[in-house]
Amino acid sequence: MCVGYQVPNGGGTESQGVSSQVPAAFRNFSLSQKERTLDELVRDKWLCATSDGRIGLGVRSFLDLRSWFRNNDVPACDVCNEAGLKANACSNESCNVRIHNYCLTRKFSQRRAERICPGCGTQWAERKHKQSF
Ligand SMILES: [Zn+2]
Ligand SMILES: [Zn+2]
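If you read the sequence shown in my numbering, its first letter stands for residue 171, the second for the next number, and so on.
(1) Whole angstroms are fine: how far does the CA of Leu-208 sit from the CA of Ser-221?
(2) DSSP on Arg-230, reduced to helix/strand/coil?
(3) Is the CB-CB distance between Trp-294 and Arg-285 below 8 Å?
(4) Pull up the distance between the alpha-carbon of Asp-234 and that of Cys-218, whole angstroms please.
(5) Buried or exposed: Cys-247, going by 16 or more other Cβ atoms within 10 Å of its Cβ?
(6) Starting from Ala-253, follow its DSSP beta bridges and name the residues at the other end.
(7) What first and last residue would you give for the alpha helix (DSSP H) that runs through Arg-276?
(8) Do Gly-228 and Lys-215 count as a contact pair if the criterion is CB distance below 8 Å?
(9) Apart from the five residues on each side of it in sequence, which residues of its chain come closer than 8 Å, Cβ to Cβ, to Cys-265?
(10) Apart from the five residues on each side of it in sequence, which residues of its chain come closer than 6 Å, Cβ to Cβ, to Lys-277?
(11) DSSP state of Thr-183, grouped into three classes?
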């Protein structure tokens with residue numbers, strides 16, 4: 171028997187689908203297991219229960235996601251050290267320095283700052299809103 175998380179067919183337009191992405195580990199639990207697990211996750215701050223009874227990502231999940239990004243070789247932005255998703259990549263193929271657009275702007279906005287890669291020293295190519303990911 172299915173318990174919950176069943177997305178009804180039909181009527182769904184464009185922006186549905188996110189809520190149906192249930193982690194595989196949660197799918198096969200019985201309802202009571204699920205509730206207990208949720209309680210534990212909330213208590214341990216993996217999730218947080220909002221005042222209107224919904225469940226959100228807790229503080230720990232955000233912190234854990236960061237280390238997840240690091241552990242899975244998502245390159246970090248060289249400037250702010252956050253996961254460099256949607257960041258600009260160095261034009262040197264063998265260099266994996268990545269910098270966010272907004273970090274680039276901030277970094278290179280100082281007049282005397284050279285527009286070179288902080289990792290390999292290659293001239294940082296101007297790309298007009300092209301992103302590597
Ligand atoms: Zn950054
Ligand atoms: Zn580089």
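Yeah, the Cβ is synthetic: ideal placement off N, Cα and C, and Gly gets one too. All figures in this text were calculated on a predicted structure; none of them were measured in a lab.
Answer, in terms of the structure:
(1) Taking the sequence shown and counting its residues from 1, one reaches residue 221 at position 51. Taking the sequence shown and counting its residues from 1, one reaches residue 208 at position 38. Taking the straight line joining both Cα atoms gives about 15 Å.
(2) The sequence position of residue 230 within the sequence shown is 60, counting from 1. Reduced to three states, the DSSP call for Arg-230 is helix.
(3) To locate residue 294, count along the sequence shown from 1; it is residue 124. To locate residue 285, count along the sequence shown from 1; it is residue 115. Yes. Within cutoff.
(4) Looking up residue 234 in the sequence shown gives position 64. Looking up residue 218 in the sequence shown gives position 48. Approximately 14 Å, taken between the alpha carbons.
(5) The residue labelled residue 247 in the question sits at position 77 within the sequence shown. Cys-247 should be labelled buried.
(6) For this step, residue 253 is matched to residue 83 along the sequence shown. DSSP output for Ala-253 lists Ala-246 as bridge partner(s).
(7) By 1-based counting over the sequence shown, the position of residue 276 is 106. Looking at the DSSP string, the run of the alpha helix (DSSP H) that includes Arg-276 is 271 to 278.
(8) To locate residue 215, count along the sequence shown from 1; it is residue 45. To locate residue 228, count along the sequence shown from 1; it is residue 58. Closer than 8 Å, so yes.
(9) The sequence position of residue 265 within the sequence shown is 95, counting from 1. Here the set comprises Cys-287, Gly-289, Cys-290, Thr-292.
(10) Numbered from its first residue, the sequence shown carries residue 277 at position 107. Excluding residues within five positions, the ones whose Cβ falls inside 6 Å are Val-249.
(11) In the sequence shown, counting from the first residue as 1, residue 183 sits at position 13. The predicted position of Thr-183 is uncertain, since its pLDDT is 46 and thus under 50; no value can be drawn from it.
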